[in-house]
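Enquirer:
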Amino acid sequence: MALLQITEPGETSASHGHRLAAGIDLGTTNSLVATVRSGLAETLPDNNDQHILPSIVHYPADGRPVVGTAALDIATQDPLNTIASVKRLMGRGLADVNTTAKQLPYKFTDSDSGMPRICTCNGEVSPVEVSAEILKSLKFRAEEALGGELSGVVITVPAYFDDAQRQATKDAAYLAGLKVLRLLNEPTAAAIAYGLDQGNEGIHVVYDLGGGTFDISILRLSHGVFEVMSTAGDSALGGDDLDRAIATWIMQQADISDDADHKQIRRLLRDARKAKEVLTDSETVMLNIEMNDGGIWQGEFSREQFNDIVDPIIKKTLLPCRRALRDAGISTDEIQDIVMVGGSTRVLRVRELVSEFFKHELMTEIDPDKVVAIGAAVQANILAGNKSDDEMLLLDVIPLSLGIETMGGLTEKIIPRNTTIPAAKAQEFTTHKDGQTAMSVHVVQGERELVSDNRSLAHFELRGIPSMVAGAARIKVTYQVDADGLLEVTAREQTTGVESHVQVKPSYGLSDSEIENMLKDSMEHAKDDVGARSLREQQVDADRLIESVTSALAADGKQLLDEVERDQIDIAISQLRSLRDGDDHRAIKQGISRLDKLTANFAARRMDSSIRKALKGRTLDEISD
Amino acid sequence: MQTDTTQNYFELFGIPVGFEVNADDLRDRYRELQRAMHPDKFASASERERRLSVQLTANINEAFQTLLDPLKRTRYLLELNGVEINTQETTKDTEFLMEQMELRESLEEARHSDDPQAAVMGLMQNVESRLRDMTVKLTALFADINETSLQAAANLYRMMQFIDKLRREAEDLEDELAMAVDD
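Sequence order for the protein chains is W and P.
Residue 624 is where the first sequence ends in numbering that gives the first Met the number 0, and the numbering goes up by one at each step.
Residue 182 is where the second sequence ends in numbering that gives the first Met the number 0, and the numbering goes up by one at each step.
1) Is GLU101(P) helix, strand or coil when you go by DSSP?
2) According to DSSP, is ASN291(W) part of a helix, a strand, or is it coil?
3) List the residues of chain P whose Cβ lies closer than 9 Å to the Cβ of GLN598(W), in chain order.
4) ALA13(W) CB to nearest chain P CB: under 8 Å?
5) Since THR230(W) and PRO398(W) should fall inside the 8 Å C-beta cutoff, what is the C-beta to C-beta distance between them, to a whole number of angstroms?
6) Starting from MET606(W), find everything on chain P with Cβ-Cβ shorter than 8 Å and list it in chain order.
7) Taking Cβ-Cβ distances shorter than 8 Å, what residues in chain P pair up with GLN479(W)?
8) Per DSSP, what kind of secondary structure is LEU208(W) in: helix, strand or coil?
9) Run through the DSSP bridge pairs and tell me what GLU41(W) is partnered with.
10) Quick check on this structure: which residue in ASN125(P), GLU78(P), ARG34(P) and ALA109(P) has the alpha carbon closest to the alpha carbon of ILE59(P)?
11) Does the distance from the C-beta atom of ALA631(W) to that of ILE587(W) stay below 8 Å?
12) For the region 88-171 of chain W, which segments carrying the beta strand (DSSP E) assignment without a break, of at least 3 residues, lie completely within its bounds, in sequence order?
13) If I measure Cβ to Cβ from GLU536(W) and keep anything under 8 Å in the same chain, skipping five residues before and after, which residues do I get?
14) Terminal residues of the continuous beta strand (DSSP E) containing SER229(W)?
15) Could you say which of ALA383(W), ILE312(W), LEU461(W) and ILE202(W) lies nearest to ASP332(W) if we only look at CA atoms?
16) Going by Cα to Cα distance, which pick from ALA21(W), LEU578(W) and ASN29(W) is closest to SER343(W)?
17) Short check: CB of ILE381(W) to CB of ALA33(W), under 8 Å?
18) Chain W beta carbons: is any one of them nearer than 8 Å to that of ASN60(P)?
19) Quick check: what's the CA-CA separation for LYS526(W) versus ASP39(P)?
20) Whole-angstrom Cβ separation of GLY211(W) and ASP239(W), contact assumed at under 8 Å?
21) Taking the alpha carbon of VAL370(W) as the reference point, which residue from ALA192(W), ASP258(W), LYS557(W) and SER547(W) has its own alpha carbon closest?
22) Could you give the C-beta distance for LEU208(W) and VAL85(W), rounded to a whole number, given that I count them as a contact under 8 Å?
23) Provide the residue span of the alpha helix (DSSP H) that contains TYR29(P), from first to last.
24) Using a Cβ-Cβ distance cut-off of 8 Å, determine whether ARG579(W) contacts chain B.
25) Less than 8 Å between CB atoms is the rule here; does GLN33(P) satisfy it with respect to chain W?
26) Is there at least one Cβ from chain W nearer than 8 Å to GLU170(P)'s Cβ?
27) Output the residue ranges of the beta strand (DSSP E) runs that lie fully inside the region 418-465 of chain W and measure 3 residues or longer, sorted by chain position.
28) Buried or exposed, going by whether 16 or more other CB atoms sit within 10 Å of the CB of ILE295(W)?
29) So with Cβ pairs under 8 Å, would you call PRO421(W) a contact of chain P?
30) So for PHE12(P), helix, strand or coil by DSSP?
31) For LEU31(W), tell me which candidate among SER592(W), ALA175(W) and ASP368(W) has the shortest Cα-Cα distance.
32) Distance check for ALA62(P) and PHE41(P), CA to CA, integer angstroms please.
33) Can you name the residues that DSSP bridges to ALA177(P)?
34) Should the region 5-23 of chain P be called in touch with the region 566-575 of chain W, which here means at least 3 C-beta pairs below 8 Å?
35) In terms of residue numbering, what span does the alpha helix (DSSP H) encompassing SER134(P) cover?
36) Closer than 7 Å between beta carbons: that is the criterion. Which residues of the region 534-557 of chain W meet it against chain P?
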């Protein structure tokens, strides 16, 4: 029998080698942070016992930004300087923002990188910076509650987020001073939270309708491995659209003109949302609409009217559901259960239509607002290394196909959607003109034939191709997607080995120097110092490397290294240890790179031996059978 | 500093080279390889080990998808035997060309028929049964490899490619019809 461990109340478990980790649900309307304490995943409240942090940031004329409920209270009075639903703007260009987010009241300007900036009375801010404020607030909350610095976080993103949106989220975390262990897809997080990892084998559907995004994911659990079979969705469809449709209806009924001012629109959206919530329990609701002339318009709003208004929006979610079933290659009768996630799944009509479509009962036990953060906390705890090796494993997919532009503005898919990640694929291309010495690579994401209908992720050039006749050069373009769903592209001319490589920085993303500058700005605010942060970062990296090499040596050092190699590594470790205690961040960086190079062969040998071990037990089993 | 990627996909999974693959067995082996190598297992490892793990699992994923899918497996087996498939080149088999035309037409007719959903479903069943026939033939061809059997397998591959594409188009049409009914 295992002995129960008892810890002192309030004692941080950091002393037992437990790493502090948290899961963050960075939502369109609300955000949450959760952690695993004493084996239990729970969301963390603020000082007023509120678990939900409204994803709203207010920029006052002077002073620091205000985040959450306090900002929400100011929203109706000062809509232009109070940023809500910023998630809709992440990884988007100015042109997208002007079309998809035209209902937003903010003034936008363009920046050099193509990323839109929002004008506030405290200067221009990018969507990434606004998100970083929300993340900082959650980081502060978690570190207060846990009594120590977070070693890493898992941040959830809609499964249907593209590369640019994921990169923007990661940039925001970096600005907020958070180490991202993994970007996790929201439906997958929900599935984990439902304890579907507790041996509930079979096929599970997660229907996630949040404030601004819709995702559908189909997962298969078997033998402790959670495999995402397919995912589909719409990254610009959510509960906000229901509110807006209702607000439009009210405007028609109450004869409010289309060019109502921002304050009135905010009020209408608030009233629409309230009516939506009331209609979950009642058949009718009485609307009392404050008019600009100070009068009140009254009207009755029935559930039937409500259903007529929202049905077309909810039905928009059913086509992705069909597509996901199709891509997974399953029919509805193979489904074990359907998990409902996101505040908008509280709407009865959503539940009715979804249940009807899948011909299935729905699972709604866990608070749909908290379920994603809880799942993220469970995964963060595993990734931080607080759990044993036989834990469940998660295999996720990319939501949208990744391709390249070919002649005539057509898209050639290189990695198709719903491919399990990590993924890598290479394809060969050639030159189409005699003597062509450069080739431009245009990386796109999406399902359509024409490049112009898909999302442009990045452009880069391979130069220095030797002059040959058209069609003679062989250029191999490799796409590699990591476990966060982020893409890296390499182009290489095969005969000469000329190579060009990009970590895809989305067309509408922030450049590294922009991030550095933002960091500097925020440091100035915080009266912190950039040098101190660099030193701290290098020290953390050094500690991680020393720790991982030491444990690798303990496990495999004897078998896989000869004496000379072992001595060299030991020396490099002790050198790095002493550098780490100094204050020269550049020297630490060099020490890290030295140790890293020395252990390269060792790392490769360890990987090979793991692969062999993975299948070894099996072969023996079969022989004894 | 590369790890061993010279192994072919069959060797990586420790199964015999051939067209016949036991999907359940393949899945089991896939899970075990992923359990050992997935980046989640290296979340706190060094940068280099994390990168290696990404490369290795990407290769494992690609190998798994290739071995699992009959179309990809056929092409891979042909390549292992030195037969490169040129995607531009189409079949010269006139009988099959006629068939292709007929199938294409039946897809178009389905759209305009009185009961389009039933017509598409019938077409899908037809397509599925053709694919099953082809896999039986391929199993035999790859069991006895020589120049003639490889040539025959390459021809079958091209037909399969067409049928597979047609199936996807039929599925899209089915989606389209279903959503039109819902509205």
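For glycine and all other residues, C-beta sits at the position ideal for the given N, C-alpha and C.
Expert: So, from the listed chains and residues:
1) helix
2) coil
3) According to the sequence displayed, residue 598(W) carries Thr and not Gln. Near THR598(W) (Cβ distances below 9 Å), the residues of chain P are SER45, ARG47 and GLU48.
4) Here the model assigns ALA13(W) a pLDDT of 41, short of 50, so the residue's position is not dependable, and the following value carries that caveat. Not one chain P Cβ lies under 8 Å of ALA13(W).
5) 5 Å
6) THR2, MET36, GLU48, LEU51, SER52 and LEU55
7) VAL53, GLN54 and ALA57
8) strand
9) THR34(W)
10) ARG34(P)
11) Summary: the structure shown does not reach residue 631(W), with chain W confined to residues 0 through 624, and so no result is reported for it.
12) 116-119, 122-124 and 151-156
13) HIS584
14) 224-233
15) ILE202(W)
16) ASN29(W)
17) no
18) yes
19) Note that LYS526(W) has pLDDT 49, beneath the 50 cutoff, so the model's placement of it is unreliable and the number below is only indicative. Those two C-alpha atoms are separated by around 36 Å.
20) 5 Å
21) ALA192(W)
22) About 19 Å separates the two Cβ atoms, so there is no contact after all.
23) 22-36
24) Included in the structure are the protein chains W and P, with no chain B among them.
25) yes
26) yes
27) 422-428, 438-444 and 454-461
28) exposed
29) yes
30) helix
31) ASP368(W)
32) 21 Å
33) The partner list for ALA177(P) (beta bridge, DSSP) is empty, contrary to what the question assumes.
34) no
35) The sequence given here places Thr at residue 134(P); Ser does not occur at that position. 115-142 is the extent of the alpha helix (DSSP H) around THR134(P).
36) ARG543, LEU544, SER547 and VAL548
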